[in-house]
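Accompanying notes for the structure given below.
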Ligand SMILES: C[S@@+](CC[C@H](N)C(=O)[O-])C[C@H]1O[C@@H](n2cnc3c(N)ncnc32)[C@H](O)[C@@H]1O
């Protein structure tokens, strides 16, 4: 059955809206993911639909690589869109929930989305619907975070009886989901990257500042402080603490 994920969309939108000004300072991993995505595009597109454009980093890369392509970029946080519009004035921007988007046209030959589809409540249904606006053989190119992302935090929270607030799908689960959405020639790849932050509090601040601050479901008071202490003790290498990110890259064709 197609997964439906329990997400508070309004809270997610508010967090990204608040994060818009600081986002470009903290989006180191997201920039890397967008760089990977652009390299993956196989054929020169004429019409691109971008989902979750944020401040327009990927929009700008797509515009640079395919200057003749029309780009329509969607995000539900107006402050993010305002920044993206300044960055890529030639693109068309739509403030809208991706899951409610009615594409203005058919015949996109590329749908691209970086570091965003993990925030969809019904990813299979949504991607299946949007893929219908792709030309036959048009490409879907995605990047997202895999379930090993923040595994260190999961470990300490788990020991204290709490859960992280976001369920991330694996590359294999995404592969199945894209097949369920009617796509062909699906490719899924996953790799891990380790980042260093001065300490756990700095890591959590940086996640929050990028808008992705999904709060762990903490039960007892003081639990988060305990988790932070454990993290610092266990995952410090002297210079800082380690944080794992799992990057999943996905592609398919209509
Ligand atoms: C982590 S940011 C990635 C932004 C950009 N793609 C990048 O790589 O820098 C995720 C973006 O997706 C947007 N977003 C998340 N869920 C969305 C939804 N359901 N509809 C529209 N935008 C959404 C957020 O507002 C945010 O700007």
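In our numbering, the protein residues as written are 53 to 306. Quick reminder that beta carbons are idealized off the backbone N, C-alpha and C, glycines included.
Self-check item: Length at least 3, wholly inside the segment 149–236: the beta strand (DSSP E) runs in chain order
Solution: Counting only runs of 3 or more, we get 160–166, 186–197.
Quiz item: Looking at the unbroken alpha helix (DSSP H) that takes in residue 73, where does it start and where does it end?
Solution: Start at 1 with the first residue of the chain shown, and residue 73 comes out as number 21. According to the DSSP assignment, residue 73 belongs to the alpha helix (DSSP H) that extends over 61–78.
Quiz item: Given 8 Å as the limit, is there contact between the segment 189–204 and the segment 165–176, that is, 3 or more CB pairs closer than that?
Solution: Touching, yes, given that three or more Cβ pairs across the two stretches are closer than 8 Å.
Exercise. Would you kindly check if the distance between the Cβ of residue 195 and the Cβ of residue 242 is under 8 Å?
Key: Taking the chain shown and counting its residues from 1, the one referred to as residue 242 is at position 190. Taking the chain shown and counting its residues from 1, the one referred to as residue 195 is at position 143. In this structure, residue 242 lies away from residue 195, with their beta-carbon atoms at least 8 Å apart.
Quiz item: Is the beta carbon of residue 185 within less than 7 Å of some heavy atom of ligand 1?
Solution: Counting from 1 along the chain shown, the entry for residue 185 is found at position 133. For ligand 1, not one heavy atom lies less than 7 Å from the Cβ of residue 185.
Quiz item: Is residue 196 near ligand 1, with its Cβ less than 7 Å from a heavy atom?
Solution: If you number the chain shown from 1, residue 196 lands on position 144. No, ligand 1 has no heavy atom inside 7 Å of this Cβ.
Quiz item: For residue 140, which of helix, strand or coil comes out of DSSP?
Solution: Locating residue 140 in the chain shown gives position 88, counting from the first residue. Under the three-state reduction of DSSP, residue 140 is assigned to coil, being neither helix nor strand.
Quiz item: Given that a residue counts as buried once 16 or more other Cβ atoms are within 10 Å of its Cβ, and exposed if not, what is residue 111?
Solution: Here residue 111 refers to the residue found at position 59 when the chain shown is read from its first residue. Flag for residue 111 reads buried.
Quiz item: In terms of alpha-carbon separation, which member of 190, 100, 188, 291 lies closest to residue 250?
Solution: Locating residue 250 in the chain shown gives position 198, where the first residue counts as 1. Checking every option, the nearest Cα to that of residue 250 belongs to 291.
Self-check item: Residue of 210, 71, 218, 300 minimising C-alpha distance to residue 131
Solution: Residue 131 sits at position 79 when you count from the first residue of the chain shown. Taking each of 210, 71, 218, 300 in turn and checking the Cα distance to residue 131, the smallest one comes out for 71.
Practice problem: Between the Cα of residue 180 and those of 235, 221, 190, 140, spot the shortest distance and give me the residue it belongs to. | Solution: Reading the chain shown from its first residue, position 128 is the one you call residue 180. Across the set 235, 221, 190, 140, the C-alpha of 235 shows the shortest separation from the C-alpha of residue 180.
Quiz item: What residue from 187, 288, 285, 282 has the CA that sits closest to residue 99's CA?
Solution: Translated into the one-based positions of the chain shown, residue 99 becomes position 47. Residue 99 has its Cα closest to that of 187, out of 187, 288, 285, 282.
Quiz item: Should residue 210 be labelled buried (16 or more other beta-carbon atoms within 10 Å of its own) or exposed?
Solution: Within the chain shown, the letter at position 158 stands for residue 210. Label assigned to residue 210: exposed.
Quiz item: residue 259 lies in the alpha helix (DSSP H); which residues open and close that run?
Solution: Translated into the one-based positions of the chain shown, residue 259 becomes position 207. Start and end: 252–261.
Quiz prompt | For residue 58, the nearest candidate out of 216, 212, 163 (CA to CA) | solution = Numbered from its first residue, the chain shown carries residue 58 at position 6. The shortest C-alpha separation from residue 58 is found at 216.
Practice problem: Flag residue 65 as yes when its Cβ comes closer than 7 Å to any non-hydrogen atom of ligand 1, and as no otherwise. | Solution: Position 13 of the chain shown, counted from the start, is the residue given in the question as residue 65. Yes, ligand 1 has a heavy atom inside 7 Å of this Cβ.
Quiz prompt | Own chain residues within Cβ distance below 7 Å of residue 35, not counting five before or after | solution = Any question about residue 35 goes unanswered here, given that the chain covers just 53 to 306.
Quiz item: Where does residue 84 fall in DSSP's three states?
Solution: The residue given as residue 84 occupies position 32 in the chain shown. DSSP places residue 84 in helix when its eight states are reduced to three.
Quiz item: Within this structure, are the beta carbons of residue 89 and residue 126 separated by less than 8 Å?
Solution: Translated into the one-based positions of the chain shown, residue 89 becomes position 37. Translated into the one-based positions of the chain shown, residue 126 becomes position 74. Residue 126 is positioned such that its CB atom lies no closer than 8 Å to that of residue 89.
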